[in-house]
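Accompanying notes for the structure given below.
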Amino acid sequence: MRIGIMTFHASHNCGSMLQAYALQHTLKEKYNADVELIDFANAGSRNMYSMIDLRLKKDAIKNNINNIRYRKVLKQYHAEYEDFKNKYLITSKKSYHSVNELVGVEKDYDLLISGGDQVWNVRCPDADEAYYLSFAKNVRKVSYSPSLGGVNINEAGVDLDKYREYLADYEQVSVREPNGQKWLKELTGNEYKIVADPVFLLSQEDWTEQFELPEIGEKFIFNYAFFHNRVDANTAMQKISQETGMPVYVMDTKSWTLYHLDQYGIKKYGHTGPIAFLTLMKNAELVLTQSFHGTVFSALFHKTFWSYRNPYAGKKPSDDRATAILEQLGLLDRYVVIDELPSMDYMKKIDYSSTDGKIEKLREDAFAYIDSFMN
1 MRIGIMTFHA SHNCGSMLQA YALQHTLKEK YNADVELIDF ANAGSRNMYS MIDLRLKKDA
61 IKNNINNIRY RKVLKQYHAE YEDFKNKYLI TSKKSYHSVN ELVGVEKDYD LLISGGDQVW
121 NVRCPDADEA YYLSFAKNVR KVSYSPSLGG VNINEAGVDL DKYREYLADY EQVSVREPNG
181 QKWLKELTGN EYKIVADPVF LLSQEDWTEQ FELPEIGEKF IFNYAFFHNR VDANTAMQKI
241 SQETGMPVYV MDTKSWTLYH LDQYGIKKYG HTGPIAFLTL MKNAELVLTQ SFHGTVFSAL
301 FHKTFWSYRN PYAGKKPSDD RATAILEQLG LLDRYVVIDE LPSMDYMKKI DYSSTDGKIE
361 KLREDAFAYI DSFMN
């Protein structure tokens, strides 16, 4: 069977690239499928991960000045993501930049899959109806664990009739979070299955065996986050580092340079990209993360970790990405406000004996779902 996957595989985001790898690897190795990632990146996606910010906004000018100043280290940052894509991801020979360019591409495949990650978030910067497979006619379509990213499509100001039509053309639909399930039921009247993110398809052992992950000869804290511009969060990291005697490492080169994180004693790891992420995750004594995939890999790697939100964000009930997976794993107590952490027992260990059983059940259910459209 020849399969084409539509997902955020080309983003310079570790979770996006690793979930794309996991789904592709599983279909290829377990199901002997001829599978490739359709190499699609729209203008929003290309600008997000470009060395030059093309937006006509004030912060774009600041970003570009920073990028020029630190162009050497940022060039390495860019290259290590591209190296992962070129070495580990099988992509279509042709690249596509708009949904119109994708028309007719379905003729190359027996099955199209859209998902995982936030491909069904209609408000993210790289949102595109292409991830709802709108371009494809007369071909089997399924979704695998797409997330709506905490955005209720029914209230997003999009043409709902159009999206109902797209979903009606799917053979099978699954989603990643309960809120996504609820919103799509409101949209279509159908209750779709919740299926685990693709990274769960591989075990901790699978992840460490797939890649050569070096040892790091020191104890450290790994802070994996996307927003480093909060003084309160950076101050909390500094305090935790001082109290534990362990340095805090980040791998986001752009943020480290832009927000001068070194003034808080925060260190930049020498590499970036998915391999660096897995290396830091494997070796860290403590993981502090703002990320869905940071949370998931912390659990897969049996880390002492905390999934945190910034105090200004509040617990938004619409965005259940972190809370939903933590609840599924029985680890909801690891979800905190970042400025609470320094006063907590942040090195409190996690008993993974029951969590491992929950992870295995998620994996079994995920394979059962894949079996349903592959067999």
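Heads up: the sequence shown begins at 1 in full-length UniProt numbering, then just goes up one per residue. We put the beta carbon where it would ideally sit given N, CA and C, even for glycine. Just so you know, these numbers come straight off a predicted model, no measurement behind them.
Does the Cβ-Cβ distance between residue i and residue j come in under 9 Å?
i           : j    : result
S143        : V175 : yes
M374        : A33  : yes
V158        : V195 : no
L341        : A236 : yes
M17         : K85  : yes
E80         : H271 : yes
A22         : I5   : no
F305        : I350 : yes
T244        : M347 : yes
Y308        : Y335 : yes
L213        : K282 : yes
V199        : G15  : yes
residue 396 : S145 : Outside the shown range of the chain (1 to 375) lies residue 396, about which nothing can therefore be said.
K254        : Y31  : no
Assuming residue i contacts residue j (C-beta within less than 8 Å), just tell me the rounded distance between them.
i           : j    : result
A284        : I221 : 7 Å
L300        : Y249 : No, L300 and Y249 are not in contact; Cβ-Cβ is about 19 Å, not under 8 Å.
E106        : V139 : 4 Å
Y96         : E129 : The Cβ separation is near 13 Å, so there is no contact.
Y109        : R2   : 5 Å
S134        : N42  : Not quite, the Cβ-Cβ distance comes to about 13 Å (not below 8 Å), so this is no contact.
residue 380 : D320 : Residue 380 lies beyond the residue range present for the chain, which begins at 1 and ends at 375; the question has no answer from this structure.
With DSSP run on the structure shown, which of helix, strand or coil describes residue i?
i    : result
V199 : helix
M6   : strand
D39  : strand
I216 : coil
S307 : strand
Q172 : strand
L261 : helix
L326 : helix
Y335 : strand
Y88  : helix
D232 : helix
R363 : helix
I350 : coil
N223 : strand
K315 : With a pLDDT of 48 at K315, under the threshold of 50, the modelled position of that residue is not reliable, and the figure given next carries that caveat. In this structure, K315 counts as coil in the three-state DSSP scheme.
K141 : strand
S11  : coil
G357 : helix
L288 : strand
V158 : coil
S114 : strand
Taking the alpha carbon of residue i as the point to measure from, which residue in the options has its own alpha carbon closest?
i           : options                : result
L332        : T295, M48, E209        : T295
D169        : I359, S114, L148       : S114
L329        : E29, Y131, A136, D197  : D197
Y163        : H25, G150, H228, E186  : E186
L288        : N223, W256, H271       : N223
A225        : F277, H271, K348, T244 : F277
E215        : D161, I275, Y259, T257 : I275
V119        : H302, E82, A10         : A10
A127        : I153, K141, S145       : I153
D356        : G150, D320, I240, H302 : H302
residue 393 : M48, T7, E82           : This structure cannot settle anything about residue 393, because the visible part of the chain is limited to 1 through 375.
K137        : E171, M251, S298, F40  : E171
L160        : G189, K358, G149       : G189
D117        : N100, W256, E101, G149 : G149
Item to check | Any 3 or more C-beta pairs closer than 8 Å across the segment 257 to 276 and the segment 197 to 207 | outcome: no
Checklist entry - Pairing CB atoms from the segment 206 to 217 with CB atoms from the segment 181 to 189, are three or more of them under 8 Å? => result no
Checklist entry - For the 8 Å Cβ check, are there 3 or more pairs between the segment 77 to 95 and the segment 21 to 38? => result yes
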